[in-house]
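In the numbering used here, the protein residues as written are 43 to 450.
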């Protein structure tokens, strides 16, 4: 690995791109949030817009790719000792200030030519919220950062600190980016690089997007992710093909794939007398929450808990057979592979006197109790009003999340 003499900035990914300000304008166009992201269906439900259900993600931060290292297979020319491997993880909101400072100090051209400090912070917060900002960090210092643009299916930023990053850092960051992209259902990942990085990108499976690209200043490379995906993800892709679910479903709605849970405990029977299941930890917490609610005079009833992706596919097939369109179905039902119910941690709840899975549940005392107390048992409302996923409000849907931090 050789130190590169100067920062090489890729103008193709620079904030001075001709379409950058237009994309920013579309994101902050002043329209009410509900108008930008959703529209009313014939039955009064709010559905994701056909033109892009969650448009704020379309304008994520596009600071320049900065190759301060000539990335090679080894480190024979590196004069410094190898540093301890940094941990690769998703950035957290608590790091927003530090990451903003990193961009302003290490990539100053971004601030001078494009986003203001507030806009940059806002862009970074969107990336962090979507789990699309991946860091290599050790002892409080950033060795590298990679950002993903889900709607473009592209790595839009790759920063490496020449004083800290070792030979493994770029490879591990890119592997994490590929894994993360795949979890959103992306079958292909793109990246625009300079010539010095081309050999490295080829070594990790990327190929030139066009034969003549090697001679250009900005080289577009792509990698097919599907062929090396785990079997369960290939199964999700196959189900989507059979049902006619759009390839960009996960990316548009900022939803990640969820494997079927294997270790499950019974939590008793639902309102339809079907036995329901959750993971042991979620089941234990549900029982405590249910008992506490009863003592408070609130009765919570289970409508649904664990559902496999094949069961979810069957629900969608049944609706298709009744003549509903796939877009209509996906406005109220998650695509197989993307439902939190697969995890064995999600519950659909109701209370006596209320119909199941209806917004009217939000007007009940049971819902108010959940809003005030569910978090103490690790449960959260996944799809509140005007949620970032562009999914209709689901006051009945609660998911067990004892920890907010996620490793990539």
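Don't be surprised by glycine CBs; every beta carbon is placed ideally from N, CA and C.
Measure the alpha-carbon distance for residue i versus residue j and round it to whole angstroms.
{"i": "residue 410", "j": "residue 251", "result": "53 Å"}
{"i": "residue 436", "j": "residue 388", "result": "12 Å"}
{"i": "residue 396", "j": "residue 383", "result": "21 Å"}
{"i": "residue 263", "j": "residue 171", "result": "27 Å"}
{"i": "residue 318", "j": "residue 412", "result": "20 Å"}
{"i": "residue 373", "j": "residue 367", "result": "10 Å"}
{"i": "residue 350", "j": "residue 221", "result": "22 Å"}
{"i": "residue 338", "j": "residue 128", "result": "48 Å"}
{"i": "residue 311", "j": "residue 235", "result": "55 Å"}
{"i": "residue 149", "j": "residue 162", "result": "12 Å"}
{"i": "residue 341", "j": "residue 443", "result": "22 Å"}
{"i": "residue 348", "j": "residue 323", "result": "13 Å"}
{"i": "residue 169", "j": "residue 183", "result": "19 Å"}
{"i": "residue 438", "j": "residue 416", "result": "12 Å"}
{"i": "residue 288", "j": "residue 299", "result": "14 Å"}
{"i": "residue 205", "j": "residue 146", "result": "18 Å"}
{"i": "residue 239", "j": "residue 390", "result": "49 Å"}
{"i": "residue 271", "j": "residue 282", "result": "15 Å"}
{"i": "residue 130", "j": "residue 354", "result": "33 Å"}
Beta-carbon separation of residue i and residue j under 8 Å?
{"i": "residue 186", "j": "residue 132", "result": "no"}
{"i": "residue 293", "j": "residue 360", "result": "no"}
{"i": "residue 195", "j": "residue 223", "result": "yes"}
{"i": "residue 135", "j": "residue 158", "result": "no"}
{"i": "residue 419", "j": "residue 331", "result": "yes"}
{"i": "residue 211", "j": "residue 178", "result": "yes"}
{"i": "residue 37", "j": "residue 430", "result": "Outside the modelled stretch of the chain, which goes from 43 to 450, sits residue 37, for which no answer is possible."}
{"i": "residue 269", "j": "residue 279", "result": "no"}
{"i": "residue 225", "j": "residue 246", "result": "no"}
{"i": "residue 265", "j": "residue 343", "result": "no"}
Do you know whose CA, among the options, lies nearest residue i's CA?
{"i": "residue 17", "options": "277, 440 and 399", "result": "Shown here, the chain extends from 43 to 450; a query on residue 17 therefore has no answer."}
{"i": "residue 369", "options": "169, 304 and 286", "result": "286"}
{"i": "residue 231", "options": "249, 421, 386 and 375", "result": "249"}
{"i": "residue 242", "options": "229, 191, 260 and 213", "result": "213"}
{"i": "residue 290", "options": "377, 277 and 261", "result": "377"}
{"i": "residue 400", "options": "130, 414, 416 and 345", "result": "345"}
{"i": "residue 284", "options": "352, 403 and 146", "result": "352"}
{"i": "residue 192", "options": "181, 209, 233 and 164", "result": "233"}
{"i": "residue 164", "options": "180, 139 and 176", "result": "139"}
Taking 8 Å as the CB-CB cut-off, is residue i touching chain D?
{"i": "residue 294", "result": "This model lacks chain D altogether; it includes just one protein chain."}
Pull up the CB-CB distance for residue i and residue j, whole angstroms please, since I reckon it's below 8 Å.
{"i": "residue 303", "j": "residue 385", "result": "6 Å"}
{"i": "residue 375", "j": "residue 358", "result": "6 Å"}
- Query: Which residue spans inside the stretch 362 to 387 form an unbroken alpha helix (DSSP H) run of at least 4?
  - Reply: 368 to 372
- Which residue spans inside the stretch 220 to 296 form an unbroken beta strand (DSSP E) run of at least 3? Runs found: 230 to 235 and 261 to 266.
- Let me know the beta strand (DSSP E) ranges lying completely inside the stretch 152 to 182, each 3 residues or longer, listed in chain order. 175 to 180
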